[in-house]
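Inspection log for the structure reproduced underneath, given as structure tokens.
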Amino acid sequence: MPELPEVERTRLSLSPLLGRTITAATLRRADICDSFSNAGTPHRTASRDLLTGATISSLTRRGKQLAIHTADGRTLCIQLGMSGRLLLLPSHAPHRPSDIPPHTHAIWLFDDNSLLLFIDPRRFGGLSTYPTEHALLEHRWSALGPDALSIRASDLAHASENSHRPIKSLLLDQSALAGVGNIYADESLFRARINPSTHASALTKPQLTSLAGAIRFILARAIKAGGSTLRDYADSAGTRGTAQFLHAVYARANQPCLRCSDSLLTIRVAQRATVFCRRCQPTAQVKRA
DNA sequence: CGGTACGCCTGAAGGC
DNA sequence: TGCCTTCAGGCGTACC
Numbered sequence: 056m057p058e059l060p061e062v063e064r065t066r067l068s069l070s071p072l073l074g075r076t077i078t079a080a081t082l083r084r085a086d087i088c089d090s091f092s093n094a095g096t097p098h099r100t101a102s103r104d105l106l107t108g109a110t111i112s113s114l115t116r117r118g119k120q121l122a123i124h125t126a127d128g129r130t131l132c133i134q135l136g137m138s139g140r141l142l143l144l145p146s147h148a149p150h151r152p153s154d155i156p157p158h159t160h161a162i163w164l165f166d167d168n169s170l171l172l173f174i175d176p177r178r179f180g181g182l183s184t185y186p187t188e189h190a191l192l193e194h195r196w197s198a199l200g201p202d203a204l205s206i207r208a209s210d211l212a213h214a215s216e217n218s219h220r221p222i223k224s225l226l227l228d229q230s231a232l233a234g235v236g237n238i239y240a241d242e243s244l245f246r247a248r249i250n251p252s253t254h255a256s257a258l259t260k261p262q263l264t265s266l267a268g269a270i271r272f273i274l275a276r277a278i279k280a281g282g283s284t285l286r287d288y289a290d291s292a293g294t295r296g297t298a299q300f301l302h303a304v305y306a307r308a309n310q311p312c313l314r315c316s317d318s319l320l321t322i323r324v325a326q327r328a329t330v331f332c333r334r335c336q337p338t339a340q341v342k343r344a
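My numbering numbers the first residue of the first sequence as 56 and each following residue consecutively.
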């Protein structure tokens, strides 16, 4: 389940594509792709622009979304969803049909004979194409909050104002901050010692500062570790991550808290399994005189 | 309109 | 052993 660290590792692993030209592209499942016209209206057309003929000029990321930019200005936005991944097959190996894994929905061929595959068994991910980078920023990324990797306490304060939602629900809201999913939300809240059910507007300034720092730390550390490989995540070179071994609470329900040894609890917040320590992340107490 | 509920989809895992 | 059910979850959409 790729979140910001896994998408960032995927982005970094695609650097061999810079300067390469797409000589052919195949869309094997049309329903994973949206195209945007110059007017910005999303629509599904018979021919979708998978950047054929274009030369890759840069690779960017905002939150969990990845964008491939080309020298002629076109932009392809890739959302990995829950089970999506990219696989880059290098040019020195001959490609056989058996090289193409199941659930491969799009294939790009490059001028050096390398192949890029978009694989997504659950199809929660997808591709969106834009005629310009501006169209991507205007019509898609404008809906995203600030990138979680550089989130500041003031950003969280702004998003938390007058919000009665549980703080975990806010962290998962990509329009509030972009990049945090269920895993890193739980990890960040544990590190900041904040109860996931706390109303966002009830957080104190020190708590917001702590939380922003925890989010940046947890995400940066996970990137360094290559991302979390829980089931089958790997970057585009096939390299798996080890950040799952750093998790303090995620998927550790009923196991001892690494800080106090109390048994970790599971509850549901915002429809998501949520693991926390009731002693290290206590429910906010009403202040008494 | 802020917030919650649901459905999409497949494979892993658990129960009987 | 094997079939059936449940769960996992990002995110768009429906709903109160």
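All residues carry an ideal CB built from backbone N, CA and C; glycine is no exception.
Residue i, buried or exposed, once every other Cβ within 10 Å from all chains shown has been counted against 16
i, result
"glutamine 134", "buried"
"aspartate 175", "buried"
"histidine 160", "buried"
"glutamine 120", "buried"
"arginine 323", "exposed"
"proline 337", "exposed"
Candidates the options, of which the one nearest residue i by Cα
i, options, result
"serine 318", "Ala325, Gln326, Val330", "Val330"
"methionine 56", "Glu193, Pro261, Phe179", "Phe179"
"arginine 177", "Ala292, Lys279, Ile87, Ser183", "Ile87"
"serine 169", "Gly181, His147, Pro311", "His147"
"threonine 321", "Ala208, Thr284, His189, Asn237", "Asn237"
Backbone secondary structure at residue i - three-state DSSP
i, result
"phenylalanine 173", "strand"
"arginine 327", "strand"
"serine 221", "Looking at the sequence itself, residue 221 is proline, so the reference to serine does not match. Residue state, collapsed to three classes: strand."
"proline 152", "helix"
"arginine 140", "strand"
"leucine 347", "This structure does not reach residue 347, given that the chain is present from 56 up to 344, and the question cannot be answered."
C-alpha gap between residue i and residue j, whole angstroms
i, j, result
"serine 112", "histidine 124", "6 Å"
"leucine 59", "threonine 115", "12 Å"
"arginine 343", "alanine 203", "Its pLDDT being 39, under 50, arginine 343 is placed unreliably by the model, and the measurement read from it follows with that caveat. Cα-Cα distance, rounded: 35 Å."
"tryptophan 163", "leucine 144", "10 Å"
"glycine 268", "aspartate 89", "36 Å"
"tyrosine 288", "serine 316", "30 Å"
"glycine 118", "serine 197", "12 Å"
"leucine 191", "leucine 131", "8 Å"
"glycine 74", "leucine 211", "38 Å"
"proline 221", "arginine 334", "18 Å"
"alanine 94", "isoleucine 206", "Note on alanine 94: pLDDT 44, under 50, position unreliable in the model; no value is reported."
Delimiting residues of the beta strand (DSSP E) encompassing residue i
i, result
"leucine 301", "Per DSSP, leucine 301 belongs to no beta strand (DSSP E) and is neither H nor E."
"arginine 54", "Any answer about residue 54 is impossible in this case: the structure gives the chain only from 56 up to 344."
"histidine 124", "120 to 125"
"alanine 161", "159 to 165"
"isoleucine 238", "No beta strand (DSSP E) contains isoleucine 238, which is instead part of the alpha helix (DSSP H) from 237 to 246."
N-terminal and C-terminal residue of the alpha helix (DSSP H) that residue i is part of
i, result
"threonine 264", "260 to 279"
"arginine 66", "59 to 68"
"serine 209", "208 to 215"
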